[in-house]
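Residue 170 in numbering that gives the first Met the number 0 sits at position 171 of the sequence shown, with consecutive numbering throughout.
Ideal Cβ placement from N, Cα and C applies to all residues, glycine included.
The structure under discussion appears below in the form of structure tokens.
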Amino acid sequence: MSVPSNDPIFENSGWLGRLYLSIHKRNYQKRLARQATFPDKRIISLGNLSAGGTGKTPLGQHLLQVAVDRGYSAAVLLRGYGGRASKSGGLVFDGHRSLMGSSESGDEAQLYRISGARTIIGRDRVDSIRRFAADCNFLILDDCFQNPTVRRDLDIVLIDATVPVNRARLLPLGRFREPLEALQRASCVILSRADQDSQGALDWHRAIQHRFPELPIIQASHEAGPVSPPLPAGSRVLAVSGIGNPAGFERSLQEAGFGLADRIRYSDHHSFTMKEILGWQRGLPVVTTEKDLVRIDDALKAYYGAKKPIRIKGLHTLPVRMAPDGLEKIVFGK
């Protein structure tokens with residue numbers, strides 16, 4: 000993959016970013032040489048240029064539900080980051096019941112509970128498909144844009160529109176895994192959170208269209224659902240999150256009509272402790288994400304020795320959904 004000198008992500012990253020990219024490209028080619036094909040399945044990859052925080056999960060939930068509604072035998076396959084069963088692989092949800100807890104599957108897999116669809120994890124994607132999705136005909140690959148071991152029909156790439164183009168940098172200085180030119184492998188780009196930064200979405204649209212004028216670009220909104228349990232409109236809250244893009248979550252809270260009295264941010268996939276949870280008790284309602292709630296439940300169950308989820312008073316979640324206009328036609332053809 001050649002990188003033009005006017006690629007903003009590449010130019011912003013310096014020699015350290017170039018070194019990272021060189022290593023990444025070698026690893027990508029090794030994986031590509033081992034690519035497996037599954038001609039009996041329609042396979043859709045959801046990925047990022049950056050290291051998470053773009054909204055893959057709500058988009059994956061939407062597409063998986065649509066696939067089930069259209070009569071597909073559908074499944075989603077995740078790596079299972081942070082779960083004990085990631086290496087061995089496994090079936091997390093069989094379409095009707097849960098077969099694995101978050102300590103085994105990781106937090107993200109627990110968010111995929113679409114009736115009639117399977118949730119599968121496994122670091123070895125090819126092996127997991129053969130073992131747990133042999134009879135499925137529609138498959139979503141989570142976070143696989145940089146992992147070509149499974150041949151796919153579509154590569155959908157999400158980019159967070161609230162990240163300024165001129166500040167995007169490659170790892171390890173920034174959060175981007177690849178420069179803009181990697182979109183030559185993409186089938187479609189979703190500019191997520193475009194509703195939160197219209198100028199940022201326009202800047203990304205122009206930068207992408209300049210290099211890939213034929214590549215479909217869809218602007219998408221993060222639609223916040225009602226807080227659960229409900230809170231009065233206008234309530235001042237404490238925002239707690241351990242996700243890839245905490246600022247996006249906090250903006251969604253404010254757009255939902257809540258006042259941000261304070262915020263606490265942890266690293267992505269952070270394992271919460273009871274001491275931290277008790278430290279949130281400041282006389283304010285605490286609002287967190289659905290993904291964080293999985294790990295908060297883990298901490299509460301471990302502390303109290305319980306098997307079922309424990310709810311504490313004053314803890315609320317803000318669900319987020321994404322259903323981009325025009326994407327279903329690209330994915331399903333009609």
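Helix, strand or coil for residue i, going by three-state DSSP, please let me know.
i	result
tyrosine 268	For clarity, residue 268 is histidine in the given sequence; the question names tyrosine instead. Three-state DSSP puts histidine 268 in coil, outside helix and strand.
arginine 69	coil
histidine 315	strand
isoleucine 309	coil
threonine 36	coil
glutamine 365	Lying before the first or after the last residue shown, residue 365 is absent from the chain, which here runs from 0 to 333.
aspartate 141	strand
aspartate 351	Residue 351 is absent from the model: the chain starts at 0 and stops at 333.
aspartate 123	coil
alanine 200	helix
leucine 283	coil
Would you tell me roughly how many angstroms separate the C-alpha atoms of residue i and residue j, rounded to the nearest one?
i	j	result
threonine 9	leucine 170	Note that residue 9 corresponds to phenylalanine in the displayed sequence, not to threonine. So the two alpha carbons sit approximately 10 Å from each other.
asparagine 165	proline 7	6 Å
arginine 124	valine 149	7 Å
isoleucine 189	valine 226	26 Å
leucine 299	serine 49	32 Å
proline 163	alanine 185	21 Å
histidine 268	threonine 288	12 Å
valine 67	isoleucine 158	26 Å
glutamate 222	glycine 16	34 Å
glycine 282	serine 87	44 Å
arginine 320	serine 251	11 Å
leucine 201	leucine 214	15 Å
aspartate 126	alanine 133	10 Å
glutamine 28	alanine 181	13 Å
State yes or no: is the C-beta of residue i within less than 9 Å of the C-beta of residue j?
i	j	result
histidine 204	glutamine 218	yes
glutamate 249	arginine 235	no
leucine 110	proline 323	no
glutamate 107	lysine 290	yes
serine 220	alanine 255	no
glycine 13	arginine 174	no
phenylalanine 331	valine 286	no
isoleucine 155	serine 44	yes
Nearest chain B C-beta to residue i closer than 9 Å, yes or no?
i	result
leucine 45	The structure shown contains no chain B; it is built from a single protein chain.
Does the segment 111-121 come within contact of the segment 15-29, defined as at least 3 CB pairs closer than 8 Å? Output reads no: the segment 15-29 does not touch the segment 111-121.
Taking only runs that begin and end inside the segment 81-113, name each unbroken alpha helix (DSSP H) of 4 or more residues, in chain order. 101-104
Counting Cβ pairs, one atom from each stretch, are 3 or more of them under 8 Å apart for the segment 232-247 and the segment 196-216? no
Answer yes if the segment 101-113 comes into contact with the segment 285-302, meaning at least three C-beta pairs across the two stretches below 8 Å, and no otherwise. yes
Does the structure place the segment 76-83 close enough to the segment 132-143 that three or more beta carbon pairs sit under 8 Å? yes
Touching by the beta-carbon criterion (3+ pairs, under 8 Å), the segment 39-55 and the segment 81-93: Contact fails: fewer than three Cβ-Cβ distances are below 8 Å.
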